[in-house]
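Our numbering applies: residue 34 is where the sequence shown begins, and numbers increase by one. Heads up, the beta-carbon is just placed ideally off N, CA and C, and yes, glycines get one too. In what follows, a structure is listed as structure tokens, so that the remarks can point back to it.
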Amino acid sequence: MRQRTLKQVLSATGIGLHSGKRVNMTLRPAPPDTGIVFRRVDLPEPVDFPVDAFSIGDTRMASTLEKGGVKVSTIEHLMSALCGLGVDNAYIDLTAVEVPIMDGSAISFVFLIQQAGLLEQPALKKFIRVKKAIEVSEGEGATLKCASLSPFNGFRLRFEIDFAHPAIDKTGQMLEIDFASTSFIRDIARARTFGFTQDVETLRNLGLALGGNLDNAIVMDEYRILNSDGLRYDDEFVKHKVLDAIGDLYVIGHPLIGQYQAYRSGHSLNNQLIRALISDSSAYDIVTFNSVKDTPAVFRADWAVA
Ligand SMILES: [Zn+2]
Numbered sequence: 034m035r036q037r038t039l040k041q042v043l044s045a046t047g048i049g050l051h052s053g054k055r056v057n058m059t060l061r062p063a064p065p066d067t068g069i070v071f072r073r074v075d076l077p078e079p080v081d082f083p084v085d086a087f088s089i090g091d092t093r094m095a096s097t098l099e100k101g102g103v104k105v106s107t108i109e110h111l112m113s114a115l116c117g118l119g120v121d122n123a124y125i126d127l128t129a130v131e132v133p134i135m136d137g138s139a140i141s142f143v144f145l146i147q148q149a150g151l152l153e154q155p156a157l158k159k160f161i162r163v164k165k166a167i168e169v170s171e172g173e174g175a176t177l178k179c180a181s182l183s184p185f186n187g188f189r190l191r192f193e194i195d196f197a198h199p200a201i202d203k204t205g206q207m208l209e210i211d212f213a214s215t216s217f218i219r220d221i222a223r224a225r226t227f228g229f230t231q232d233v234e235t236l237r238n239l240g241l242a243l244g245g246n247l248d249n250a251i252v253m254d255e256y257r258i259l260n261s262d263g264l265r266y267d268d269e270f271v272k273h274k275v276l277d278a279i280g281d282l283y284v285i286g287h288p289l290i291g292q293y294q295a296y297r298s299g300h301s302l303n304n305q306l307i308r309a310l311i312s313d314s315s316a317y318d319i320v321t322f323n324s325v326k327d328t329p330a331v332f333r334a335d336w337a338v339a
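Here it is as structure tokens:
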């Protein structure tokens, strides 16, 4: 089971969900053991952001890389697609502060990566195997949020959301997914981000959601979904939270072998979780597999060709 990068260079243009700024993004191949490296190419001197658990700063409404006062925002959907398609090494050049939101899901990034094609590299692919349960939480009672990682020979996620909203109430608020039997591309990648009209003013006063609209998010008023086409999956909301979690976890640098469980978790708690794991050397090890058949069903090669 070998590392992978992109076969060729590919670009896309879009706007940032939070900044509202137009941005050009170029995905480029990278040598083995590079990992995922974002690069701001619009600054007088380009700034590189190698992605790891401690590279995340701001986690309000998105996962943002921060280094010396410079940022790269909203990396989670692209990170999710890179993880789901098994891309270990890539450079991501950006001409603005934020990754383009595209349609609010990960599917545009999946198509881009598929179009670029994947190249197997000589080095063995590295996985982080969870050896010991790690849990983080915030708040209590009605404000409780928690997330955990525990040993499991594969990659399984269980996510529960709890929104008291008529449109979300009707859908499944709990999802369990085992990637031995689930396709990231088919079952997760199309789930869009979502928001509520009553939050828009507050968010915009904070400089957030400036680029958000019905083309890149599910938008709800107090009662219903405003998008005329409705939902892409019956349980699109919780599926999007799983999509986010996959991207937030992949920030650790390698795919995880383990089980993730979360209740009302978000970018902040997901980042605290991988920091807690990586800070406890007895909680994980880094493993490689000489043959694909020995590799636990995490994200298999065949999913790249959906
Ligand atoms: Zn998201």
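What residues does ligand 1 have around it, judged by CB closer than 5 Å to any heavy atom, in chain order? T226, D277
Which of the three DSSP states is assigned to T204 in this structure? coil
Since G228 and A197 should fall inside the 8 Å C-beta cutoff, what is the C-beta to C-beta distance between them, to a whole number of angstroms? Incorrect: roughly 16 Å between the Cβ atoms, too far for contact.
Closest Cα partner of E209 within the set I194, L282, P199: I194
Presumed contact (8 Å Cβ cut-off) between A114 and A222, rounded CB distance: 7 Å
With 16 as the cutoff for other CB atoms within 10 Å, does R37 come out buried or exposed? buried
M112 - partner residues in DSSP beta bridges: Its beta-bridge partners do not exist; DSSP assigns none.
Return the CA-CA distance between Y317 and A86, expressed in angstroms with no decimal places. 14 Å
Shortest alpha-carbon distance to R189 belongs to which of A213, C179, Q305? A213
Can you check the region 43-74 for any beta strand (DSSP E) of at least 3 residues that lies completely inside it and give the ranges in chain order? 43-48, 55-62, 69-73
D232: buried (16+ other C-beta within 10 angstroms of its C-beta) or exposed? exposed
Can you list, in chain order, the residues of its chain whose CB lies under 6 Å from that of D277, leaving out five sequence neighbours each side? E109
Taking just the CA atoms, how far does T204 sit from N122? 36 Å
Tell me where the beta strand (DSSP E) around G286 begins and ends. Looking at the DSSP string, G286 is not in any beta strand (DSSP E), and its letter there is neither H nor E.
Considering only the beta carbon of each residue, do I279 and C179 sit closer than 7 Å? no
Which runs of the alpha helix (DSSP H) at least 4 residues long sit entirely within the region 226-279? Give them in chain order. 230-238
Compute the Euclidean distance between the alpha carbons of S298 and E78, then round it to the nearest angstrom. 36 Å
Would you check if the distance between the CB atom of V163 and the CB atom of G291 is smaller than 7 Å? yes
Could you tell me whether the region 141-148 touches the region 303-318, using the rule of 3 or more Cβ pairs below 8 Å? no
Within a Cβ cutoff of 6 Å, which residues of the same chain sit near F160, ignoring the five residues on either side of it in sequence? H287, P288, I290, V320
Which residue spans inside the region 143-231 form an unbroken beta strand (DSSP E) run of at least 3? 151-157, 160-163, 167-171, 178-183, 188-193, 207-211, 227-229
Can you give me the start and stop residues for the alpha helix (DSSP H) that I307 sits inside? 300-311
Alpha-carbon to alpha-carbon, S314 and F270: 34 Å
Secondary structure of K326, DSSP reduced to three states: helix
Reference S181; option with closest CA among F192, G187, V130, V169: V169
Look at the alpha carbon of A45 and the alpha carbon of I258, and state the distance between them as a whole number of angstroms. 29 Å
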